[in-house]
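Okay, so here's the structure we're looking at.
Residue numbers (our numbering): 26 to 163.
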């Protein structure tokens with residue numbers, strides 16, 4: 026299982042998070058490719074391209090440090106309550122988790138930073154949360 030699929034599956038498995046976002050073709054609106062499908066309704070989540078993918082080796086074990094942004098998009102309503110709730114849930118899911126399942130790897134740490142406000146678009150709020158995942162080959 027790739028890091029992308031592991032990240033997506035962990036979010037999809039959280040019923041609190043999926044209850045906060047829209048659906049697309051019957052599934053939670055969590056996308057891992059850009060552009061997001063034209064028919065996607067807000068709010069939704071986008072797993073960014075890889076920001077960092079470095080060796081994380083110890084004396085006897087190979088590993089990887091994998092850095093990804095999770096972007097959250099919501100309709101601009103004059104209130105940040107909705108996007109704040111989604112961002113808080115994403116942070117909770119990933120902060121210090123060991124539940125992230127990546128085939129061939131054992132996650133040893135997952136650090137979360139953010140959310141920070143992303144670039145503003147017309148009538149859309151955007152928050153960005155950064156994941157720093159360290160995993161050793163199993």
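Glycine included, every Cβ here is placed at the ideal spot set by N, Cα and C.
Alpha-carbon spacing of residue i relative to residue j, whole angstroms
i: residue 79; j: residue 33; result: 21 Å
i: residue 37; j: residue 114; result: 12 Å
i: residue 91; j: residue 153; result: 16 Å
i: residue 16; j: residue 81; result: Within the shown structure, residues of the chain are numbered from 26 to 163, placing residue 16 beyond reach of any answer.
i: residue 124; j: residue 135; result: 10 Å
i: residue 110; j: residue 86; result: 38 Å
i: residue 26; j: residue 128; result: Because the pLDDT of residue 26 is 48, which lies under 50, any placement of that residue in the model is unreliable, and the number read from its coordinates should be weighed accordingly. Spanning the two alpha carbons is a distance of roughly 4 Å.
i: residue 156; j: residue 74; result: 12 Å
i: residue 158; j: residue 84; result: 19 Å
i: residue 39; j: residue 59; result: 23 Å
i: residue 48; j: residue 61; result: 13 Å
i: residue 145; j: residue 133; result: 35 Å
i: residue 106; j: residue 31; result: 28 Å
Buried/exposed call for residue i, threshold 16 Cβ in 10 Å
i: residue 63; result: exposed
i: residue 137; result: buried
i: residue 103; result: exposed
Residues near residue i by beta carbon distance below 6 Å, same chain, minus five either side
i: residue 100; result: 67
i: residue 117; result: none
Sequence-distant residues of the same chain with beta carbon closer than 7 Å to residue i, five excluded per side
i: residue 41; result: 114
i: residue 163; result: 129, 130 and 131
i: residue 29; result: 57 and 72
i: residue 43; result: 37 and 53
Close beta carbons around residue i, own chain, < 8 Å, minus the five adjacent residues each side
i: residue 112; result: 97, 139, 140, 152 and 154
i: residue 35; result: 118, 119, 122, 124, 125 and 126
i: residue 46; result: 53, 54, 55, 68, 69, 70 and 111
i: residue 143; result: 96, 151, 152 and 153
i: residue 65; result: 47, 49, 54 and 56
i: residue 148; result: 100 and 101
Whole-number beta carbon distance between residue j and residue i, since they are thought to touch under 8 Å
i: residue 77; j: residue 160; result: That belief does not hold up - the Cβ atoms of residue 77 and residue 160 are roughly 13 Å apart, past 8 Å.
i: residue 150; j: residue 108; result: 5 Å
**Message:** Report the start-end ranges of each alpha helix (DSSP H) in the segment 32-90 that is 4 residues or longer and not cut off at the edges.
**Reply:** 40-45
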